[in-house]
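Here the structure is laid out as structure tokens; the discussion comes afterwards.
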Amino acid sequence: MRRHVSHIKGERMFTLSRDLVLLLVRGAKARVGHDLLAELGLGQGAASGWVDAEHLFTIWKALERRSGDANLGLHLGEIKGTLPANNVLFASMLASPTVGSALERLCRYHAVVADLVQPMLTVTGGTAVLTWKGPSVLHRQQAECIVSLAVSILRQLAERPQEICVAFAHPHPVDLHEHVRILGPNLKFDAPRLALFFPVELLAMPVAPHSGELLGVLDSHAEQLLTRARQGESMESKVARLLNLAIGDGQPKLAGVAHSMGMSGRALQSKLRDDKTSFQQVLDKVRLEKASRLLTKDELKISEVAFLMGYSDQSAFNHAFKRWTGHSPQSFRRSAQANAIQPATRSSAPGGNG
């Protein structure tokens, strides 16, 4: 018997700016052969300024199919690698004093244009690492476009070729000629995460031309846009967004999520009670939605879904999913394919602490 729960309040999770998607699709037009905007639900009548994760996944599949270009993501990232200065995020990066501060702005202000994935910059020893965390698996073309764009941006900021290693979570493609041409020879596949590795010295390189006065104006505007992007977002939605990012790294805990939000676990529980929910209830909803969404992707094995859900083995995930829904993952996938079960339902949530 399933337990019914309410929809996550104040939710606008995991989206990409419609303007950027339009830029992407128009960039693909020459390869596709005709304008796909209306067909993809991006025509003038489309009201929303944001495109959600599932719609974007569909767009990538359609573009790949229509273009016949197995490396479409790489090519679009390469084309769009020159930062558009009319975008506040990219303009603030160009006005930054160093490559490191430009990448810090990329991470801080990224939600202004997209919260589908969140870039994170870390330094380990002599290596800087730029990674992307998201709520679900990325389409191969999407992942390759992100990395191709990031490599192009790094080269533009530093104004010279750099020694960069690229790690992809998807399998090794048959032909790597274009990957090597665009990204360089240091490539890894079937990696734990999507990431760029480069020498830490690159972070200190100056960005030319740098404008301190302009940077102050851009930062102020970006902060306003960032605040506006989060306005109206409930505490429940904020927690759900963080949990979606954290689930793949294991089973998230109240204390860790509260710390990332700058408060104690007790304070977070109190704020969630004000939203008439609890940490466990939000976690349950997020688990069910993410698991059911991943299970609708036929290219993922059940064992891979279990891994992306943060489970160490498939049997533990099978047990938890059946407790949540009354279905085994295999049964759910078959039924979803036959449209008997709708993926990512929000009318039910798992019970218990699995």
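Heads up: the sequence shown begins at 42 in the numbering used here, then just goes up one per residue. The C-beta atom is built at its ideal place from N, Cα and C for all residues, glycine as well. Everything numeric in this text was worked out from a predicted model, so none of it was measured.
Beta-bridge pairing of residue i - partner residues as DSSP gives them
| i | result |
| --- | --- |
| P240 | T168 |
| V346 | Its beta-bridge partners do not exist; DSSP assigns none. |
| Q321 | According to DSSP, Q321 bridges with nothing at all. |
| P160 | W173 |
| T139 | P247 |
| L147 | Per DSSP, none; premise fails for L147. |
| K229 | A208 |
Contact set for residue i: own chain, Cβ-Cβ below 6 Å, skip 5 residues either direction
| i | result |
| --- | --- |
| G86 | Residue confidence for G86 is low, a pLDDT of 46 falling below 50, so the modelled location carries little weight and cannot support an answer. |
| N227 | C206 |
| L244 | V140, G141, A169 |
| L198 | V140, A143, V248 |
| G256 | Before going further, note that residue 256 is Leu rather than Gly in the sequence given. Answer for L256: A136, listed in chain order. |
| V188 | V207 |
| D315 | none |
| Q378 | none |
| N128 | none |
| C186 | G114, L117, G118 |
| Q182 | W101, E105, L113, G114 |
Beta-carbon proximity of residue i to residue j, cut-off 7 Å
| i | j | result |
| --- | --- | --- |
| L113 | L104 | yes |
| V153 | L266 | yes |
| L171 | L117 | no |
| A299 | P293 | no |
| L115 | E204 | no |
| A281 | V327 | yes |
| A208 | A232 | yes |
| L295 | G303 | no |
| T318 | E277 | yes |
| L284 | L324 | yes |
Supposed close pair residue i, residue j - CB separation, criterion 8 Å
| i | j | result |
| --- | --- | --- |
| L335 | F373 | 11 Å between Cβ atoms; not a contact. |
| D260 | S353 | Not a contact, Cβ separation roughly 42 Å. |
| L130 | A263 | 7 Å |
| P240 | G166 | P240 to G166, Cβ: 11 Å. No contact. |
| K102 | H180 | 7 Å |
| I343 | Q321 | With a Cβ gap of about 25 Å, I343 and Q321 do not count as contacting. |
Other residues of its chain near residue i: CB distance less than 8 Å, five sequence neighbours each side excluded
| i | result |
| --- | --- |
| S369 | N359, F362, K363 |
| V164 | V170, V241, L244 |
| L224 | L115, V188, S189, V192, I205, V207 |
| P212 | F230, D231 |
| Q355 | I343, S344, A347 |
| L217 | L228 |
| V3 | Outside the modelled stretch of the chain, which goes from 42 to 395, sits residue 3, for which no answer is possible. |
Same chain only: Cβ atoms within 7 Å of residue i, ignoring 5 sequence neighbours per side
| i | result |
| --- | --- |
| A191 | L171, L237 |
| S301 | L283 |
| C148 | P160, M161, L162 |
Check: At a cut of 8 Å, does the region 132-151 reach the region 244-258 through at least three beta carbon pairs?
Finding: yes
Next item on the list: Could you say if the region 336-349 and the region 307-319 meet the contact criterion of at least three C-beta pairs nearer than 8 Å?
Entry: no
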